[in-house]
Amino acid sequence: MQHATPRRAPSKVYSSATAALADLTSGIRLMSGGFGLCGIPENSIDALATMPIDNLTVISNNVGNSGRGLAKLLQRRQIRHAICTYVGGNPDLEQQILQGEITVELVPQGTFSERIRAAGLGIRAFYTPTGVGTVVAEGKEVRMFDKPCVLELPLEADVAIIKAQRGDTYGNVWFQEAARNFSPLMAMAARTTIVEVEELVPLGAIPAEDVHLPGIFVQRIYQGSHYRNEIEILKVQGITP
Amino acid sequence: MMTPWNKEEMLSHIIDMFHPGCSVNLGIGLPTAILDVLDQRQRLLPDEEPLDIFIQSENGVLGVAGRPTPDTASATLINAGKETISIRAGASFFDSALSFGMIRGGHIDFCILGGMEVDADGSLANWIVPGQKITGMGGAMDLVHGARHVVVVMTHFTKSGDAKLKARCTLPLTGMHCVHTVVTDMGIFVPGDGRFRIKQLAPGVTLADLNIPIDLLVRED
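These protein sequence lines map, in sequence, to chains L and E.
The first sequence begins at 1 in my numbering and counts up by one.
The second sequence begins at 1001 in my numbering and counts up by one.
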């Protein structure tokens, strides 16, 4: 068999957030990376806030902060259910919980991370000491090892939206400083992972030993713009306790 | 006359527990102020070598070094309280699953947390008060399992004057049988087997001042 042109894989590169997110629908399970406002997918969130979709189940550590990040989707009543670890400092979320407009499942952060990791890596369940003797263990199997442990199940999603400093056209990703947090785990746990980067670079520009998330876990990538990269709480030297 | 420790003195007692090369996770709130105490010492005694420890932050940093300058503060360099930090030579970054694995896996020497109640079996309540605003447990339930030494730092009394050291926690638990040491403004206590062993009391403090049933107390100071 002869091939007239070199065989190339279909491109993962999209021109914009709008293009990369165009086929997302109401009711999906959506993971969003970031810790507080650190490493959140700003462009994808902004795009979602202009789309006519709602009834989302959002899996994210904080679900936004004071009107920023995913709180934009809260304000537009696009989220029906949230799975997260911390809801403090998020008045939109607190108000919607009180008014019964949204349901929230609180998960201990280490269990949250590990359940997402398990989903992406084919682990069907795991036992952890976290939560034994607390509300988290209610209704779950508890088994005695060297100490009692709770059985926890994977946490997967239809779509993950992720932000990174640098990514190449195959979807290999490099995160800046502490912006990695949940993002590589969520990228592995979602059927479609959409990455936005500040710098879209050619193949080979990220040295292989510096790839934090291999491109096999990334289905779509685009170059974002106008990043705010807000500092949530500025603390500098010389402030006494 | 008794002179309870102030916050800086409470934190200094915790810093005294650290050995060179140890790894420490600092919980949100009062424990994180250890960074500021260390910063302040460095400014007061600039010629003294800084304490050689590796501070872990569960959002994915090992080697937190205190506060940045206004010029070096970075939106992507924060601690678990979402405050800007700086890092020391030898620091590393990693994802949240590795970070909590580091904790649960027993690789962290000290975990310092705030508390609402600690009981005589070493159970901790610090994440929710029924009927009050919910904030979520964050990483607290994971942090109490696995660190070699779990230290709770809190004021000794509630606003109504009850001791936060109790026979049994009355608030929903963060973790069962997980606390090794409690540091309050009144003293240092080791809970376990239905007792609080008293390691040290603040100057002038007597057993009666603690407002803890006397049969729960064992003097070892």
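Note that CB positions come from ideal geometry on N, CA and C, so glycine has one too.
All values derive from a computational prediction rather than experimental measurement.
Asn229: these are the residues of the stretch 212-229 of chain L whose beta carbon lies less than 7 Å from some beta carbon of chain E, given in chain order. Judged by DSSP in its simplified three-state form, Pro1191 of chain E adopts strand. Considered as a whole, the stretch 1095-1177 of chain E harbours 1096-1104 and 1140-1143 as its complete alpha helix (DSSP H) runs of no fewer than 4 residues, in chain order.
Counting the other CB atoms within 10 Å of its CB gives Arg117 of chain L a total of 16 or more, which places it among the buried residues. Excluding its 5 nearest sequence neighbours in each direction, Gly1136 of chain E has no C-beta neighbour in its own chain below 7 Å. Comparing alpha carbon positions, the residue from L:Arg143, L:Val135 and L:Thr134 closest to Ala125 of chain L is L:Arg143.
DSSP places Gln109 of chain L in the helix class (H, G or I) of the three-state scheme.
For a Cβ distance threshold of 7 Å, residue set Pro129 and Thr130 of chain L lies close to His1145 of chain E, ordered along the chain. Note on geometry: alpha-carbon atoms of Val150 of chain L and Asp158 of chain L lie some 26 Å from one another. By DSSP's assignment, Tyr222 of chain L forms a beta bridge with L:Tyr14 and L:Glu196. Collapsing the DSSP output to three states places Arg1041 of chain E in a helix.
DSSP places Val136 of chain L in the helix class (H, G or I) of the three-state scheme. Boundaries of the alpha helix (DSSP H) around Ala187 of chain L: Ser183 to Ala189. Pro148 of chain L sits in a strand when the DSSP states are folded into three classes.
Of all residues in the stretch 1099-1113 of chain E, only Ser1099, Phe1100, Gly1101, Ile1103 and Arg1104 come within less than 9 Å of chain L when Cβ atoms are compared, listed by chain position. Judged by DSSP in its simplified three-state form, Leu24 of chain L adopts coil rather than helix or strand. Using a Cβ-Cβ cut-off of 7 Å, Ser113 of chain L is close to Ser1096, Ala1097 and Phe1100 of chain E, given in chain order. Ile1028 of chain E has its alpha-carbon roughly 36 Å from the corresponding atom of Met51 of chain L.
Going by DSSP, Asn43 of chain L is part of no beta strand (DSSP E) but of the alpha helix (DSSP H) stretching over Glu42 to Leu48. Between Ile161 of chain L and chain E, the shortest Cβ-Cβ separation is not below 9 Å. Assignment of Ala157 of chain L by DSSP, reduced to helix, strand and coil, places it in the strand class.
For His81 of chain L, the uninterrupted beta strand (DSSP E) segment begins and ends at Ile79 to Cys84. From the listed residues E:Asp1109, E:Pro1046, E:Lys1164 and E:Thr1072, the smallest Cα separation to Ile1015 of chain E is found for E:Asp1109. Pro1070 of chain E reaches chain L at Leu234, Val236 and Gln237, counting residues in chain order whose Cβ is nearer than 9 Å. Assigned with DSSP and collapsed to three states, Arg117 of chain L falls in helix. Taking Gly67 of chain L as the centre and dropping the five residues before and after it, the same chain places no C-beta closer than 6 Å to its C-beta. Against chain L, a Cβ distance below 7 Å from Leu1173 of chain E picks out Gly133 and Thr134.
A straight line joining the alpha-carbon of Gly133 of chain L with that of Thr1181 of chain E spans about 20 Å. A check of alpha carbon separations from Ala1065 of chain E across E:Asp1071, E:Phe1054 and E:Ser1074 identifies E:Phe1054 as the nearest.
Residue state for Leu1062 of chain E is assigned as strand, using DSSP reduced to three classes. The beta carbon of Thr1184 of chain E sits no closer than 9 Å to any beta carbon of chain L. Among the residues facing chain L, Thr1155 of chain E is not included, as its CB has no counterpart in that chain under 9 Å away. Under the 9 Å criterion on CB atoms, Asn1126 of chain E is classed as non-interfacial with respect to chain L.
When Cβ-Cβ separations below 9 Å define contact, Ser1160 of chain E makes no contact with chain L. In terms of Cβ geometry, Gly34 of chain L and Ala179 of chain L form a close pair [threshold 9 Å].
When the Cα atoms are used, Cys1111 of chain E and Ser1023 of chain E turn out to be separated by approximately 9 Å.
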